[in-house]
Structure formats: C-alpha cells, structure tokens
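The sequence shown lines up with residues 140 to 318 when you count with the working numbering.
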Amino acid sequence: AELPLPELLIYQKNLPFNLILSTWSSLGKGEFWLRLPSVIFALFSLVALHALGRKLFSGETALFAAFLLGSSPFFLLEARQVKMYTLTLFFALAGITFLMRFLETGRLSSLLAHFGTLFMGFLSHYMACWTLLAGILFLVLWPRHYPPKRLRTYFLTLGILALTILPLLWPTLFSLISK
C-alpha cells in the first residue's frame, strides 16, 4: 500500500485492496486506519449475505446466516487484519446477489454488475474464481425455473468473457501444465 500508483498498478497482486488501502492511508497511517477498510468490507459482507439470503430463502434465514457469519471467530479474525479477505468475500456475495437479480429481472446492468464484481473479486484473490463455478452450479442444480432466454444470455456472456480472458490466462495455465 506504500507503493506509488504506477508501481502499484504493475504489482497486481491484490490490486483492488491495495488501491483502496493506498488511497485510504492518506487519511492516517496508524493501525486503526489501516484495519478500518477490512472492518468496513466485513460489514458490507454481512449486508450482502443478508440480501442474498432474503432473495433465496426468507428474512429469518437471511438474518440467521448473517448472525452465523458475524459471530464466526474466523470471520472476526479476518475482519481485523489488514488483508483482502473481507473485500474478496464482499465481491463474491455481491456477485451472486447480482446474478440472482439478473435472473429475476433480466436487466443487463445486473448481469454486468455480476461479472464486474466477480472480476474485482478475482483481482483481489485468485480463489474468488470458485464463486463463478458456484454460480454455474447454482443454475444447473437449483430447482427454480428461470427463463431460458436469461440463461442463454448468461452463458453466452460467460463464454464471450472466457474467450477474451483466455489469452491473458494462457501463460499462467501453460506454466502450470509444463511443471
């Protein structure tokens, strides 16, 4: 977070969190100020989980899920650290919530927000790619019936994005395969 902006953009590990932290650190450099973004994104994650739970189940279930997450010792530990984990969790929960909104309304802005938040989550931590798989499995295994046109739009958009990102990922995939 101490790197100048041009160097920060080149050093792309945890880019969104590092950009937030470098901007945030202009407010103060103490321990409190550096930990505060993680706490804020932990709170945002609780709100996103509640919104997702209400969409999928009920208000009571959503509240219970938010309570379970909010009382988890691991979650509370991560919320106090100067790391990107709560930001990544927020992007994952928001991405799935936007997917649900797209499937219900068919609005393209929700679909773009879904892929945008998942992309930001992936930039935050590479394991966020599992959120995309979770969304795909949800569509395949969940018993609700969604309009076929929306499902086709989702998978077509996903395919186009995969084809555009594949050339960027090819060197990484090739280096993993060749080892």
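Just so it is clear, CB atoms sit at the ideal spot from N, CA and C, and this is done for glycine as well.
Inter-residue distance for residue 239 and residue 222 is about 28 Å (C-alpha atoms, whole angstroms). Judged by DSSP in its simplified three-state form, residue 223 adopts coil rather than helix or strand. Secondary structure at residue 253: helix, using DSSP grouped into helix, strand and coil. Considered as a whole, the region 152-219 harbours 154-163, 170-195, 198-209 and 212-218 as its complete alpha helix (DSSP H) runs of no fewer than 4 residues, in chain order.
Between the alpha carbons of residue 203 and residue 164 lies a gap of roughly 34 Å. With a 10 Å radius around the Cβ and a threshold of 16 neighbouring Cβ atoms, residue 159 comes out buried.
With a cutoff of 9 Å on beta-carbon distance, residue 216 and residue 254 are scored as not near each other. By the CB criterion at 9 Å, residue 263 and residue 226 fall inside the cutoff.
Taken atom to atom, the span from the alpha-carbon of residue 174 to that of residue 228 is near 16 Å.
Shown here, residue 234 sits in a helix according to DSSP, grouped into three states. Excluding five sequence positions before and after residue 166, the CB atoms of its chain that fall closer than 7 Å to its own CB belong to 172, given in chain order. In this structure, the CA atom of residue 273 is about 12 Å from the CA atom of residue 236.
With a cutoff of 9 Å on beta-carbon distance, residue 192 and residue 181 are scored as not near each other.
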